[in-house]
Structures are given as C-alpha cells and as structure tokens.
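With our numbering applied, the sequence shown corresponds to residues 1216 to 1311, in that order. Heads up, the beta-carbon is just placed ideally off N, CA and C, and yes, glycines get one too. Reading through the structure tokens given below for one structure.
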Amino acid sequence: MAQETIPAVRFAAVGRYFAEVRAIDRISFEIADGEFFSLLGPSGSGKTTCLRLIAGFEQPDVGAIEIHGINVAGVPPYQRDVNTVFQDYALFPHMT
C-alpha cells in the first residue's frame, strides 16, 4: 500500500470576497513539502489575497486552508508555521 503524503499547503475550494468583488473564487491547489511554488498572474488576479490567506492575515469566506494537514481556520498568523516573502523582492530585482 502506498503511503499518502500530506501537502505542506492545501487550498480546498477557497473563496474570498469583498462586497461584489471575487478576489479568489473557490480555488483549489496543493503545495508539496519542499516544493518551490509561484503565483503568477495579472494585477488583481488574487495572488496577494492567496498569500494573505496562507499567512492568516485574511480568513476565507468559503473553503478550507490546511498547513501540514491541519485546518488553520481561526489560527492567528503568529501561530502558523509559514514564512514571508516580500513582493518588493522581485525574481529579477536588477531589471527595472
């Protein structure tokens, strides 16, 4: 029997809404432990909202977020085992 691996981060039909604006609308993805993962998209596509949800600065309106298999609904940012990558440090900061 194959052993099931628990993803480091899992979004399960997560949605975050601001009045009539759907910042993210029921997205699902998994990030494996040790995997490099990038969120790419145009302005307003929900990249920062996803990062804020993982960090705990925002709470989803629907769906679930798990970190290492634990649902982190209501867990404050300082109790989450995540790091911060600032957006100002671009992939190629020398290219302006």
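C-alpha gap between Glu1250 and Val1236, whole angstroms: Here the question's residue 1250 lines up with position 35 in the sequence shown. Here the question's residue 1236 lines up with position 21 in the sequence shown. Cα to Cα, the separation comes out at about 31 angstroms.
Given Val1224 as reference, the closest of Ile1239, Gly1259, Glu1245 once Cα atoms are compared: Stepping through the sequence shown from its first residue, residue 1224 is reached at position 9. Its Cα nearest to that of Val1224, the residue Glu1245 stands out among Ile1239, Gly1259, Glu1245.
Assign Val1277 to buried or exposed, taking buried as 16 or more other Cβ atoms, counted over all protein chains shown, within 10 Å of its Cβ. For the purposes of this step, residue 1277 is taken as residue 62 along the sequence shown, with counting starting at 1. Its Cβ having fewer than 16 others within 10 Å, Val1277 is exposed.
Following the continuous alpha helix (DSSP H) through Ala1288, name the residue where it begins and the one where it ends. The residue you call residue 1288 lines up with position 73 of the sequence shown. Taken as a continuous stretch (DSSP letters only), Ala1288 belongs to no alpha helix (DSSP H), as it is neither H nor E.
Residue environment, Phe1226, which counts as buried when at least 16 other CB atoms sit within 10 Å: Along the sequence shown, one-based indexing puts residue 1226 at 11. Result: buried.
Which listed residue (Ile1285, Glu1219, Val1297, Thr1264) has its alpha carbon closest to that of Ala1238: Within the sequence shown, numbered from 1, the residue matching residue 1238 stands at position 23. Of the residues Ile1285, Glu1219, Val1297, Thr1264, the one whose Cα lies closest to the Cα of Ala1238 is Thr1264.
Contact belief for Leu1268 with Ile1280 at Cβ below 8 angstroms, rounded distance in angstroms: Mapped onto the sequence shown, residue 1268 falls at position 53. Mapped onto the sequence shown, residue 1280 falls at position 65. About 6 angstroms; that satisfies the 8 angstroms criterion.
In the DSSP output, what is Arg1231 paired with across the bridge? Reading the sequence shown from its first residue, position 16 is the one you call residue 1231. Paired residues: Ile1239.
Suppose contacts are defined by Cβ-Cβ distances below 8 angstroms. Is Pro1275 in contact with Ala1247 by that definition? Within the sequence shown, residue 1275 is the residue found at index 60, counting from 1. Within the sequence shown, residue 1247 is the residue found at index 32, counting from 1. For Pro1275 and Ala1247, no; Cβs fall outside 8 angstroms.
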